[in-house]
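Input: a single structure, listed below in structure tokens.
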Amino acid sequence: GITGQNSLIPLAGPANKQGRIVADNIIFGNREKYTNTFGNAIAKVFDLTVAVTGANEKTLKAENIPYLYTIIHPSSHATYYPSALQMSLKVLFSPENGKILGAQCVGYDGVDKRIDVITAIMQKGGTVCDLKEFEHSYAPPYSSAKDPVNMAGFTAENILSGKVKPVYWNEIENINLNRVILLDVRTPEEFKSGTIPGAINIPVDELRQRLNELPGDKEIIVFCRVGLRGYIASRILTQSGFKDVRNLVGGYITYSLATAKQDNPDKFDESYDTGLSPKVLNLSVSSSPRVEKITVDACGLQCPGPIMKLKNEIDRLKEGDVVEVRATDPGFYNDVLAWAKATNNEVLSLNIDKGIVVATIRKGKEKAQTETIKSFENDKTIIVFDNNLDKVIAAFIIANGALAMGRKVTMFFTFWGLSVLRKRKAGRIKKNFIEKMFGWMLPKGTNGLKLSQMNMFGAGPLLIRWLMKRKKVEALENMIEQAKRNGAKLVACQMSMDLMGIKKEELIDGVEVGGVASYLEASEHADNNLFI
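Each residue of the sequence shown is one higher than the one before, starting from 20 at the first, in the numbering used here.
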């Protein structure tokens, strides 16, 4: 259908269609002719589904057919609906007119219908613009408002129209870093977790304010996780006068997967530490009545939700009992290994089944008294100076994560951070004029907090809270209560309270009042001191 050359084709569908044409032509004369086939094929590889249609990149190169391609990593359906799983979709197209030349898709769910749709459009001689306009049946369990097929069309059209210049993963290794700037526009946390060697980090939200850090006489290659933020960054740079800007197609996910080590001989070394127990577990409760096994469903929860839920269940069990946890958060696969190691528990099995991480953990021995002194050196202290909603959420996510790992956490609230601890309604409290002015201007509790970026006259915090609810992230108020229940020590700075006229009666329950010595005493036993 694309090259006109002989090729190996799955015959189930084409042969049956040809059989019907033969039968009709025998009876009614040679009126019908079999047109062509695009080699639409699909296979199940363990839990993954792999599907192809049309020509792949290797075939197009062999036939000297010019092409461009786009790669996206969308979810199988709306992410706020449970069990949304990532897929990878690659669409190849003509650089002249955008005609679709082929597509490949890999994922756990929804792969077949995306490839079938693209094949149907190819049969009509369609282009990537037809992918943009494809109308799909939408409901959150089945797709997103912009289906992956639409998104492939949007990104391909951006390349075809010149809105963005593409660079592909296999071109990165040949670049000269003396002439090219590799710009990672993800967050600093993402940057620290892994990036392309030689890259610098300027988050896309800070890019407009930091344009002066980039040279105007060098080519700039921007990238993010999947390509969207990279596209936004490339548009910002182009509109700001930078002449040679390209965006990494498929983002860091594509680059890291394509350049990752593909063999694993070292994994068969007996000394290789997988983090899993070498013992074989017999999960039969009946054969060992003293061992309890429970199942925890953490599907749909975002980090650190699965770890917190696991920690709460482990605390209720006795030594030797077993917990099986199921979570859809991909990061849980690595998090549970680190958590178990830090908390003296034992990971007995860990695998991914259709995009769901399934971990089996056996509760270990409680740490001996001699280990308690050592554990103090792993405490965490957090200074909460700011009263921006996003920063306070980050502070309590870190705090709850540390508590889940069995660490002691002290949070020291000073200056504007005291707003977080205020009650919404504290009753009548006697204050002088200055104290009343501070009380009037400062937010009363978490509901009045603003965003540090994109506050949008108060619409930003409402949007963030709505997104947190849809994505099943605990509300800030719940995070605070969770931290208190798990033993976090919340300390309000006495000096700041005196300066700003905040009285102890205004503070929520469970808050201590202390000075800098209280914080410093806690920090003496901490290996991390954060200022937020």
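Don't be surprised by glycine CBs; every beta carbon is placed ideally from N, CA and C.
Model, not experiment: these values are computed from the prediction.
What does the alpha-carbon distance come out to for the pair I521 and K410?
Counted from its first residue, the sequence shown places residue 521 at position 502. Counted from its first residue, the sequence shown places residue 410 at position 391. Their backbone Cα atoms lie some 22 Å apart in a straight line.
Name, in chain order, the residues that DSSP records as bridge partners for R265.
Residue 265 sits at position 246 when you count from the first residue of the sequence shown. R265 pairs with K184, I240.
What would DSSP say about H148, mapped onto helix, strand or coil?
Taking the sequence shown and counting its residues from 1, one reaches residue 148 at position 129. Per the sequence presented here, residue 148 reads as Cys, with His not at that position. C148: helix per DSSP, three-state reduction.
Following the continuous alpha helix (DSSP H) through S253, name the residue where it begins and the one where it ends.
The sequence position of residue 253 within the sequence shown is 234, counting from 1. Segment 247-258, the alpha helix (DSSP H) holding S253.
Integer-rounded CB distance, given that V136 should sit under 8 Å from E176
Walking along the sequence shown from the start, residue 176 turns up at place 157. Walking along the sequence shown from the start, residue 136 turns up at place 117. Wrong, their Cβ atoms sit about 17 Å apart, outside the cutoff.
Can you tell me whether D398 is helix, strand or coil according to DSSP?
Taking the sequence shown and counting its residues from 1, one reaches residue 398 at position 379. D398 falls in the strand class under three-state DSSP.
Residue of K384, V492, I219 minimising C-alpha distance to D203
For this step, residue 203 is matched to residue 184 along the sequence shown. Measuring from the Cα of D203, the nearest candidate turns out to be I219.
Under the three-state reduction of DSSP, which class applies to Q105: helix, strand or coil?
If you number the sequence shown from 1, residue 105 lands on position 86. In the structure shown, Q105 sits in a strand (DSSP, three-state: E or B).
Does the beta-carbon of L196 have 16 or more other beta-carbons within 10 angstroms, so that it is buried, or is it exposed?
For the purposes of this step, residue 196 is identified with residue 177 of the sequence shown, where counting begins at 1. Classification of L196: exposed, given that the 10 Å Cβ count is below 16.
Opening and closing residue of the beta strand (DSSP E) in which D354 lies
Locating residue 354 in the sequence shown gives position 335, where the first residue counts as 1. Unbroken run through D354 is the alpha helix (DSSP H), 351-362; no beta strand (DSSP E).
Excluding the 5 residues preceding and the 5 following G260 in the sequence, name in chain order all residues of the same chain whose CB lies nearer than 8 Å to its CB.
For the purposes of this step, residue 260 is identified with residue 241 of the sequence shown, where counting begins at 1. G235.
Considering only residues of the region 426-470, which uninterrupted beta strand (DSSP E) runs meet the minimum length of 3 residues and lie entirely inside it, listed in chain order?
428-432
Can you list, in chain order, the stretches of the beta strand (DSSP E) that have 3 or more residues and sit fully within the region 85-143?
87-91, 106-112, 119-126
Can you pull the DSSP bridge partners for A62?
Here residue 62 corresponds to residue number 43 of the sequence shown, with the count starting at 1. Its beta-bridge partners are V69.
With H, G and I counted as helix, E and B as strand and the rest as coil, what does DSSP make of L276?
Position 257 of the sequence shown, counted from the start, is the residue given in the question as residue 276. In the structure shown, L276 sits in a helix (DSSP, three-state: H, G or I).
Can you find at least 3 beta carbon pairs, one from the region 22-42 and one from the region 85-98, that sit closer than 8 Å?
no
L369 bridges to which residues according to DSSP?
Taking the first residue of the sequence shown as 1, we reach residue 369 at position 350. Beta bridge pairing from DSSP links L369 with A378.
Taking three-plus beta-carbon pairs below 8 Å as touching, is the region 337-346 in contact with the region 58-73?
no
Hey, would you say V428 sits closer than 9 Å to T400, going by beta carbons?
Locating residue 428 in the sequence shown gives position 409, where the first residue counts as 1. Locating residue 400 in the sequence shown gives position 381, where the first residue counts as 1. Yes. Within cutoff.
Do the CB positions of E338 and K382 come within less than 9 Å of each other?
As a position in the sequence shown, residue 338 is number 319, starting the count at 1. As a position in the sequence shown, residue 382 is number 363, starting the count at 1. For E338 and K382, yes; Cβs fall inside 9 Å.
Would you kindly work out how many angstroms separate the C-alpha atoms of N353 and E365, rounded to a whole number?
On the sequence shown, residue 353 is found 334 positions in, with the first residue counted as 1. On the sequence shown, residue 365 is found 346 positions in, with the first residue counted as 1. Near 14 Å, if we compare the C-alpha coordinates of E365 and N353.
Between which two residues does the alpha helix (DSSP H) containing R13 stretch?
Since the displayed the chain opens at 20 and closes at 551, residue 13 lies outside it and no answer follows.
Answer yes or no: do M430 and A507 have a C-beta to C-beta separation smaller than 9 Å?
For the purposes of this step, residue 430 is taken as residue 411 along the sequence shown, with counting starting at 1. For the purposes of this step, residue 507 is taken as residue 488 along the sequence shown, with counting starting at 1. Cβ atoms of M430 and A507: closer than 9 Å.
Using three-state DSSP, classify N407 as helix, strand or coil.
Position 388 of the sequence shown, counted from the first residue, corresponds to residue 407. N407 falls in the strand class under three-state DSSP.
Burial state of F47, where buried means 16 or more other Cβ atoms lie within 10 Å:
Position 28 of the sequence shown, counting from 1, holds the residue named residue 47. Exposed, because fewer than 16 other Cβ atoms sit within 10 Å of the Cβ of F47.
Run of the alpha helix (DSSP H) containing V10, from where it starts to where it stops
Lying outside 20 to 551, the shown extent of the chain, residue 10 is not represented and no answer is given.
Range of the contiguous beta strand (DSSP E) that encloses R345
Here residue 345 is taken as the residue at index 326 of the sequence shown, counted from 1. Its beta strand (DSSP E) spans residues 341-346.
Among the residues of its own chain, which have a CB less than 6 Å from the CB of L230, if the five just before and after it don't count?
Looking up residue 230 in the sequence shown gives position 211. Excluding positions up to five away in sequence, the list reads S259.
Return helix, strand or coil for N35, following the three-state DSSP convention.
By one-based count along the sequence shown, residue 35 stands at place 16. N35 carries a helical assignment under DSSP once its states are collapsed to helix, strand and coil.
Please check the pair W358 and I326, which I expect to be a contact at CB under 8 Å, by giving their CB distance rounded to whole angstroms.
Indexing the sequence shown from 1 puts residue 358 at position 339. Indexing the sequence shown from 1 puts residue 326 at position 307. About 6 Å; that satisfies the 8 Å criterion.
Look up L336 in the DSSP assignment and say whether it is helix, strand or coil.
In the sequence shown, residue 336 corresponds to position 317, counting from 1. Coil at L336, not helix or strand.
With distances taken from CA atoms, which of K503, I527, I194 is nearest R443?
Looking up residue 443 in the sequence shown gives position 424. Nearest C-alpha to R443: I527.
Between the Cα of G23 and the Cα atoms of T54, I178, G32, P216, which residue gives the shortest distance?
Looking up residue 23 in the sequence shown gives position 4. Minimum Cα distance to G23 is reached at T54.
Exposed or buried, which one is N419 when buried takes at least 16 other CB atoms within 10 Å?
By one-based count along the sequence shown, residue 419 stands at place 400. Buried, because 16 or more other Cβ atoms sit within 10 Å of the Cβ of N419.
L468 and S438 closer than 9 Å at C-beta
For the purposes of this step, residue 468 is taken as the residue at position 449 of the sequence shown. For the purposes of this step, residue 438 is taken as the residue at position 419 of the sequence shown. In contact: L468 and S438 (Cβ atoms closer than 9 Å).
First through last residue of the alpha helix (DSSP H) which encompasses F210
The count along the sequence shown starts at 1 and reaches residue 210 at position 191. 207-211 is the span of the alpha helix (DSSP H), which, as asked, contains F210.
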